[in-house]
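Numbering (full-length UniProt numbering), first residue to last: 251 to 617. Working notes, beginning with the structure itself.
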Ligand code: F6R
């Protein structure tokens, strides 16, 4: 059932071209220039007129939510807040019937997310679900929703569900943006054409980086700390990269927005500190270059995820992982793939049980 792979996690990483394709199937109609999403369309005025959208989730799904905030605010110009479900439910939040609450959950059973949704529903908000498991508790309680069609995710560490969540959030942002008139037709058409290429580009990332990342991993088996940095859309991707590493390899890792480095974490940097930096051409590249200079001045070991043909960052990096160019908003999808592989191989070389890490459960049904 692992399809020849050693672990479910590796199989699921490799399934991403298909899982993203499946998530877009029947929704993204590039030739017609249309995104079809009944759950959104049936309630499109609710979204358009919302005071704000509140995204609630936990863990990896929360990271997807952060990217959803960037997407929806940029393209649909609706204010978005993202909150941990556990914090939201216990802090007496202000919620009205003008709010739209989106819950993101792979399992659809996460106790805190479920409880936060119930609270939002009681206060009259319109509640929307982005779940992977069909007919799960969250899918059933929500007023409407869109399933990620990632297929069953068995590995405890979420991989293909995460990129499927990003796919759905992208479709929602573009659909709302087009309806609201905040995303002009020319940009819409070129964005959806590019989105349609993402499964192919992931295939390319998998084939060109797999062996390389596997080899890089060997050098970090004994590391005790890691820093992950990114800016803009890739800041949440850095958080997610760090979470993947800590949960399966048990190496302490932190994700940070690259510019926040100088407000504290820079004190940690020396020749023993590995730093993963996500630095695609589109998205604050010049700023990232200066962050990289600061890291190298302190002799940090730099693993850089860059676009093909990159020079400035690559020249300074100890390890270079190349991904194809894409629009900034899709780069977290591509950048996540080598980071998943990095976490996977470091954990495997440390002899960890990657599919069932200690102390973790696939679905967290207790708070
Ligand atoms: C990390 C991971 C967890 C889940 C979190 C939420 O790899 O799997 O952080 O993302 O427990 O789970 P769902 O999405 O099922 O609500």
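Backbone N, C-alpha and C define an ideal beta-carbon position, used for all residues, glycine too. As the structure is a computational prediction, the values presented were derived from the model and not from experiment.
Please report the straight-line C-alpha distance between residue 519 and residue 600, rounded to a whole angstrom. 23 Å
Can you find a heavy atom of ligand 1 that lies under 8 Å from the Cβ of residue 337? no
Measuring from the CB of residue 358, is there a heavy atom of ligand 1 at a distance below 8 Å? yes
Which ranges would you report for the beta strand (DSSP E) in the segment 482 to 507 if only whole runs of at least 3 residues count? 502 to 507
What are the boundary residues of the beta strand (DSSP E) that includes residue 570? 569 to 573
Touching or not, the segment 511 to 518 and the segment 460 to 480, by the rule of three or more beta carbon pairs under 8 Å? yes
Where do the N-terminal and C-terminal ends of the beta strand (DSSP E) with residue 349 fall, by residue? 349 to 355
Coil, strand or helix - residue 521 by DSSP: coil
Any idea which residues DSSP pairs residue 302 with across the strands? 349
Is any non-hydrogen atom of ligand 1 found closer than 8 Å to the C-beta of residue 368, if you look at the structure I gave you? no
Is it buried or exposed, residue 434, if we count other Cβ atoms within 10 angstroms and call 16 or more buried? exposed
Using CA atoms only, rank isn't needed, just tell me which of 614, 416, 419, 326 is closest to residue 299. 326
If you run the structure through DSSP and keep just helix, strand and coil, what is residue 424? helix
For ligand 1, I want to know if residue 355 counts as a neighbour, meaning its beta carbon is within less than 8 Å of at least one of the ligand's heavy atoms. yes
Host beta strand (DSSP E) of residue 475 (start-end): 475 to 480
Residue 269 vs residue 613 beta-carbon contact at 9 Å: no
DSSP beta-bridge partners for residue 563? DSSP, once it has assigned bridges, lists no residue as partnering residue 563.
First and last residue of the alpha helix (DSSP H) that includes residue 541? 535 to 547
So, helix, strand or coil for residue 599, using DSSP? helix
What separation, rounded to the nearest whole angstrom, lies between the Cα atoms of residue 401 and residue 544? 42 Å
Please determine if the segment 341 to 359 and the segment 369 to 376 are in contact, where contact requires at least 3 C-beta pairs separated by less than 8 Å. yes
Taking residue 382 as part of the alpha helix (DSSP H), name the residues at either end of that continuous run. No alpha helix (DSSP H) contains residue 382, which DSSP labels as neither H nor E.
Quick check: does the Cβ of residue 411 come within less than 8 Å of any heavy atom belonging to ligand 1? yes
Since residue 557 and residue 572 are thought to touch, with beta carbons under 8 Å apart, how far apart are those beta carbons, to the nearest angstrom? 7 Å
For residue 331, which beta-bridge partners are listed by DSSP? 304
Beta carbon of residue 412, beta carbon of residue 314: below 9 Å? yes
For the segment 579 to 590 against the segment 522 to 536, are there 3 or more C-beta pairs whose distance is under 8 Å? yes
Kindly list the residues whose CB is nearer than 8 Å to the CB of residue 289, restricted to its own chain and excluding five residues on each side of it in sequence; keep chain order. 378, 394, 395, 396
Give the range of the beta strand (DSSP E) segment to which residue 557 is assigned. 551 to 557
As a quick exercise: from 609, 286, 367, pick the residue whose alpha carbon is nearest that of residue 500. 609
Would you check whether ligand 1 has a heavy atom nearer than 8 Å to the C-beta of residue 310? yes
Quick check: the segment 487 to 503 against the segment 438 to 453, are there 3 or more CB pairs under 8 Å? no
Three-state secondary structure assigned by DSSP to residue 309: helix
Among 452, 542, 345, which has the Cα closest to the Cα of residue 580? 452
Exposed or buried, residue 616, counting other C-beta atoms within 10 Å across all chains shown (16 or more means buried)? exposed
Environment of residue 449 [buried if 16+ CB atoms lie within 10 Å]: buried
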